[in-house]
Amino acid sequence: MRKINKLFFCLLTVLIISSCNKNEEINPVNRETENSDAITQRNVALEKMALLVVDAVKNEEFRELIKQEADKQFDGDYDVLYERIARRQLKSSNSVSINDFFVKSISQKEQKSENEAQDNLEQMVNNIPDFQISVPVNCDKWDTKNYVPLVTYIPANFDEKTFTKIKAFDQDGNVVWLSLDKAPDFPVIVLGRCERIDENGKLKDMALPPDDGSGGATGVYDNFDYIPNSLYLIKLKFNDLSNYEPWFYGKPEIYIDIHSDNSQYPYGQLYSHPTRSKVDEVYKTYNHKFCSWPSNDSRLYVKCYEKDNNITITGSIKIKAAITLAGIVTLSKELSIQSKYQEGDDDMGTYMILKSDPSTAKYTNSNLVLYIKH
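Residue numbers (numbering that gives the first Met the number 0): 0 to 373.
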C-alpha cells in the first residue's frame, strides 16, 4: 500500500515486494477465526455497552474515574480494562458499583429484573474478550467537569481499507458519525478489546515499550554529542498518521530496523509509541543512535513499520528492492531479513541510506518524513 521514495538531487524510488521463504517458520499462535454470527454478536454487545456507557458518562464522577485510570496507561496507552473498574463505586450514585449502575440501566430500559439484567450484562461482556474502555485521543485535554465525550466502539469486522467512518453516540443517545480521515480535536471514549494482555490478564511481551523511544537525548538535533561514523535518527513526523493507524487505536507503535546487504539481522532498532499529537503533522526529536556504520557496507536500509498485535511470523523474509536513479534501474537487490514481523503490520517504507549522502538528509515517502544523520 505504500510507495517509497527518496529525494537526493534526483528522484530515488524504492519498490518493495516482500514474500516469505518456503523454509520460513511460522510460530504456532492463537489465530482468532470468527464466523459471521460471532461478529454480529460482538457488534451487538459493543453497541449495547456503548449506550450503557453513554448513561454512565453523564456522571461526572464516572468521567473522572475513566480519565484517571486511562492516564495510568497500564499497557502504554490510554486504556482501561473493564474488569478492573467494574466493582468501583460511584459515591454520587448511592455508592453503587459501575457494574450495578449498568445493571440498573438495563433493568429500567428493558423492564427486566435485576437478576435478568445482570445475566444480560455478563453475556455482553463475555462477547467482548478483554473488554476495555479507552480515551485514545486528547485524554490529557479532557475537562471532565464540563465536557461529556462521545462514545463509540471498534466494530469486530473493522477493516481500515473499507471503513471511512464509525458510529458514535452523544450524551442523549443520538447517533454521530465520526470520520476516520482525521483524529478529532476533542476526547472520545472508545470501546473495544485490549490486545496487549494474555489470557491471564498480564501484559504480553509485544505490549508497548516503557517510553517514547528506546534511546537518545532531546533538544535541537544539531546540539548533541555526535559519534562519527554512526547512524542516527534525528527526528520524524507523519503528514497524516491516520494513513497508518486509525485514531481510535491510540498511540502508533513505530518500529524502525536497520539492515544491510551483508547481514540478514538488523544492525540497530528503534521502538517508539509517541502520543499522536507529538508526531502527527509535527516533528518529534529523537537523536537516537541506531548503530555504528559497518565498515564493509556503503549503504544501509532503514525499514519502518507500524506494529499490530497480531500473528507473529518468524523466519527469513525476502525483500526485493529495485532502485531507480533518474528513471534508470541501477540496482536490483534481494535482501533476506531474519526477524519477527506481524501479519497485518503496516509497512511505512524502506529507505536506502548511502554513505555518500549528505551527513544529515531528509528521507520521505510523502507521508512519513525522517531526518537521518550519519
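Glycine included, every Cβ here is placed at the ideal spot set by N, Cα and C.
Everything numeric in this text was worked out from a predicted model, so none of it was measured.
Residue i, DSSP secondary structure in three states
i	result
ASN364	coil
TYR304	strand
LYS372	strand
ASP356	coil
CYS9	Because CYS9 sits at a pLDDT of 38, beneath the cut-off of 50, its placement in the model cannot be relied upon, and the point is left open.
ILE196	strand
Cα-Cα separation, residue i to residue j
i	j	result
THR359	ARG275	25 Å
GLU108	VAL136	Before going further, note that residue 108 is Lys rather than Glu in the sequence given. For LYS108 and VAL136, the distance between alpha carbons rounds to 31 Å.
ARG195	GLN72	12 Å
GLN40	ASN126	7 Å
ASP139	CYS303	28 Å
ILE153	ASP296	45 Å
GLU113	LEU369	57 Å
GLU68	TYR254	27 Å
THR143	VAL174	21 Å
TYR391	MET347	Only positions 0 to 373 of the chain appear in this structure, which leaves residue 391 out of reach.
ASP70	TYR77	6 Å
LEU157	GLN131	Rather than Leu, the amino acid found at residue 157 in this sequence is Phe. Rounded to whole angstroms, PHE157 to GLN131 spans 16 Å at the Cα level.
SER355	LEU230	13 Å
ALA55	TYR270	37 Å
TYR362	TYR350	7 Å
PHE162	SER291	43 Å
ARG87	SER35	34 Å
LEU353	ASN366	21 Å
Where the alpha helix (DSSP H) containing residue i begins and where it ends
i	result
THR39	35 to 56
ASP70	59 to 70
Terminal residues of the beta strand (DSSP E) in which residue i lies
i	result
SER229	229 to 237
SER178	174 to 178
TYR350	345 to 353
ILE188	187 to 192
PHE168	164 to 168
Environment of residue i [buried if 16+ CB atoms lie within 10 Å]
i	result
ALA37	exposed
LYS288	buried
TRP141	buried
ASP184	exposed
ILE226	exposed
SER259	buried
SER241	buried
GLU198	exposed
GLY200	exposed
TRP176	exposed
TYR264	exposed
Contact test: residue i Cβ vs the ligand ADP heavy atom, cutoff 8 Å
i	result
ASN145	Inclusion of the ligand ADP in the displayed structure is not the case, the ligand content being empty and no account of it being possible.
* Along the chain, which unbroken stretches of the alpha helix (DSSP H) at least 4 residues long are found entirely within the segment 79 to 162? -> 81 to 84, 97 to 109, 113 to 125
* What alpha helix (DSSP H) runs, 4 residues minimum, are completely inside the segment 234 to 300? -> 275 to 278
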